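Note sheet for the following structure.
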Ligand code: SER
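Here is the structure:
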């Protein structure tokens with residue numbers, strides 16, 4: 001079976017059970033400062049799992065592109081990826097365990113023709129917080145799953161939470177030939193800030209099936225990288241490196257995974273940098289390029305691998321081919337920037353090897369390359385980074401490849417001392433928490449709507465949103481406008497927003513058909529990204545936008561609004577930073 005067939009079968013099956021297909025959300029979470037990337041199908045749905053009404057209804061299905069950078073070091077085995085897709089179906093306060101389990105079983109055995117003997121399941125064993133999930137076990141038994149194929153596992157394995165607080169509950173996992181392919185979470189509880197559990201008035205089901213893994217299992221393979229989702233990409237890598245997959249499996253898998261993830265990330269408008277998403281992207285690209293170099297190919301071949309990825313996925317994700325020229329341009333720029341560091345990395349490897357064999361101990365300033373006979377110095381790696389720009393994460397990999405130990409704390413200490421906290425902070429975000437909207441981010445969200453309309457009134461109708469980002473501290477808004485805003489214009493915009501705040505206008509929300517919303521003049525950032533049904537936030541006569549929220553109830557709650565900075569982003573795009581207090 002092909003990946004195209006599997007996606008299609010899954011969507012059609014759940015549509016047949018009354019689900020509405022929703023589009024794959026952008027990999028970059030909207031209005032969520034706490035995570036770098038969408039890492040599960042349910043993540044963009046958190047507001048709805050928490051109780052907001054979803055415009056597409058109570059039964060949803062989709063396939064969602066995901067990035068999990070927390071797994072970057074595991075990539076190389078048969079089933080870890082930084083980029084993958086998740087098939088998911090949801091019940092928002094509608095059906096619960098019985099239908100969910102029955103439909104999963106029906107899909108696997110009837111639609112995919114998986115023999116029942118190949119299926120095993122696990123259910124929650126219970127603890128002092130929540131009871132043993134005998135209900136799910138009973139449903140499995142009623143479907144004919146024998147007792148010895150129902151495992152009872154604890155919180156570690158069979159409990160799923162969206163975050164430290166928020167919806168959570170027991171799950172039942174489905175294994176085929178011993179491989180977990182599907183996770184059905186029964187979100188019956190809400191974890192409160194004090195750590196206690198309360199039962200949710202409206203219970204949800206959240207399921208997720210990894211497309212790559214499911215596809216491998218269906219095709220009788222234990223290697224996700226041998227599915228059609230990777231085949232052309234791996235073929236291209238073996239061509240450019242002139243190495244066989246069976247000989248350099250681990251490196252080839254890493255190149256394929258990282259280049260694919262990077263290609264998708266660039267498509268979202270992210271560019272390589274030293275912080276946040278840009279740093280993740282840079283790391284993926286540089287790792288890929290180093291492995292290509294290691295396998296004897298030029299680093300520029302990464303462009304061919306990215307192109308193969310674009311060609312493979314564009315039918316499903318047309319944004320890839322739409323951004324084809326930008327993707328190649330960014331790759332070329334990054335290749336350029338990496339040419340020197342990659343040579344310096346090679347020098348580091350040679351120096352380290354020589355030092356280890358005890359001939360010459362290289363130093364930078366007074367710092368020797370080795371801390372002790374088989375431990376590479378972290379401080380040296382830091383100096384090497386400061387002086388020559390050699391990326392520490394890749395230097396660290398080289399240490400391990402040579403079979404040495406690495407003084408990681410020495411590196412971290414040096415990095416911290418030099419205030420490279422952004423790097424550490426963003427690596428902390430690799431694992432990704434989930435959406436949390438504080439009072440401040442909610443206010444900033446409403447302020448963003450007021451700002452957009454004020455800009456249109458002051459500068460003209462040509463103004464449209466080019467991007468938006470909200471953190472605890474401030475909002476950032478990119479707009480199309482050909483020139484720098486004058487101080488007078490900035491003041492005027494600020495005054496207008498503050499006036500609307502003082503008027504204490506009610507903010508209302510309603511669900512509309514997309515066409516209807518657009519016709520009624522609602523602003524939409526990326527109209528094509530929304531499903532048929534959309535939520536529209538209206539601020540009196542002043543503003544109307546398609547948006548997922550959340551927003552304050554009355555503009556007065558926003559407080560006082562201030563523009564703190566205005567700058568250029570690119571030709572024809574300006575960026576505004578603003579705060580509320
Ligand atoms: N949220 C669950 C998971 O990521 C099910 O979708 O596995």
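Residue numbers (the UniProt record's numbering): 1 to 581. Think of the CB as a built atom: it goes at the ideal place given N, C-alpha and C, for glycine as much as any other residue. Since the structure is predicted, the reported quantities are computational estimates derived from the model, not experimental observations.
**Asked** What does the shell around ligand 1 hold, if a residue joins when its beta-carbon is under 6 Å from any heavy atom?
**Response** 40, 41, 42, 88, 160, 183, 185, 206, 207 and 208
**Nearest residue (CA-CA) to residue 494, options 47, 562, 535 and 266** = 562
**Prompt:** Taking DSSP as the reference, what is the three-state secondary structure of residue 186?
**Reply:** The three-state reading of DSSP puts residue 186 in strand, counting E and B together.
**Prompt:** Would you report the Cα separation of residue 56 and residue 21, rounded to the nearest angstrom?
**Reply:** 8 Å
**Message:** Restricting to Cα atoms, I'd like to know which of 240, 376 and 389 is closest to residue 404.
**Reply:** 376
**Request:** Using three-state DSSP, classify residue 484 as helix, strand or coil.
**Result:** coil
**Asked** Where residue 238 and residue 314 are concerned, what is the direct C-alpha to C-alpha distance, given to the nearest angstrom?
**Response** About 22 Å.
**Prompt:** Below 8 Å, can you find three or more Cβ-Cβ pairs linking the stretch 173–185 to the stretch 106–121?
**Reply:** yes
**Asked** So, residue 455 versus residue 407, is the Cβ gap smaller than 8 Å?
**Response** no
**Item:** Segment contact flag, the stretch 48–65 with the stretch 298–307, C-beta cutoff 8 Å, min 3 pairs
**Value:** With the cut-off at 8 Å, the stretch 48–65 and the stretch 298–307 do not touch.
**Message:** On the DSSP letters alone, give me the boundaries of the alpha helix (DSSP H) that residue 8 sits inside.
**Reply:** Per DSSP, residue 8 belongs to the alpha helix (DSSP H) from 3–16.
**Message:** Please state whether the Cβ-Cβ distance between residue 261 and residue 83 is less than 8 Å.
**Reply:** Yes, these two residues count as a Cβ contact at 8 Å.
**Message:** Restricting to Cα atoms, I'd like to know which of 190, 489, 169 and 219 is closest to residue 207.
**Reply:** Nearest Cα to residue 207 within the set 190, 489, 169 and 219: 169.
**Item:** residue 264: first and last residue of the uninterrupted alpha helix (DSSP H) it sits in
**Value:** 249–267
**Asked** Hey, out of 513, 166 and 158, whose CA is closest to residue 200's CA?
**Response** 166
**Item:** Contiguous alpha helix (DSSP H) assignments of at least 4 residues, all confined to the stretch 114–196
**Value:** 134–142 and 155–158
**Residues near residue 143 in its chain [Cβ-Cβ closer than 6 Å; skip 5 each side]** = Counting only residues of its own chain and dropping the five nearest sequence neighbours on each side, residue 143 has a CB closer than 6 Å to the CB of 105.
**Asked** In whole angstroms, what separates the C-alpha of residue 365 from that of residue 443?
**Response** Rounded to whole angstroms, residue 365 to residue 443 spans 51 Å at the Cα level.
**Prompt:** Can you list, in chain order, the residues of its chain whose CB lies under 6 Å from that of residue 307, leaving out five sequence neighbours each side?
**Reply:** none
**Request:** Tell me residue 28's beta-bridge partners as DSSP assigns them.
**Result:** DSSP lists no partner for residue 28.
**Message:** Report the start-end ranges of each alpha helix (DSSP H) in the stretch 361–420 that is 4 residues or longer and not cut off at the edges.
**Reply:** 378–388, 392–401 and 408–417
**Request:** Taking residue 349 as part of the alpha helix (DSSP H), name the residues at either end of that continuous run.
**Result:** For residue 349, the enclosing alpha helix (DSSP H) begins and ends at 324–356.
**Asked** Counting pairs of beta carbons, one from the stretch 478–494 and one from the stretch 506–522, are three or more of them closer than 8 Å?
**Response** no
**Prompt:** Are the C-beta atoms of residue 440 and some chain B residue less than 8 Å apart?
**Reply:** The structure shown contains no chain B; it holds only a single protein chain.
**Request:** Kindly list the residues whose CB is nearer than 6 Å to the CB of residue 396, restricted to its own chain and excluding five residues on each side of it in sequence; keep chain order.
**Result:** 406
**Asked** Does the stretch 530–549 touch the stretch 496–514, meaning 3 or more C-beta pairs lie closer than 8 Å?
**Response** Short answer: they touch.
**Asked** Tell me, which residues are paired with residue 199 by DSSP?
**Response** 189
**Request:** Could you tell me the distance, in whole angstroms, from the CA atom of residue 564 to the CA atom of residue 474?
**Result:** 9 Å
**For residue 28 and residue 202, the rounded distance between their alpha carbons** = Using only the alpha carbons, I get a separation of about 28 Å.
**Helix, strand or coil at residue 492 [DSSP, three-state]** = helix
**Item:** Cβ pair residue 45, residue 90 closer than 8 Å
**Value:** yes
**Prompt:** So is residue 85 buried or exposed if we call it buried at 16+ other beta carbons inside 10 Å?
**Reply:** The residue in question, residue 85, is buried, as its Cβ has 16 or more Cβ neighbours within 10 Å.
**Item:** Check whether residue 496 and residue 566 have beta carbons under 8 Å apart
**Value:** no
**Message:** Can you give me the C-alpha to C-alpha distance between residue 460 and residue 446, rounded to a whole angstrom?
**Reply:** 21 Å
**Request:** Tell me whether residue 225 sits in a helix, a strand or coil according to DSSP, three-state version.
**Result:** The DSSP-derived three-state label of residue 225 is helix.
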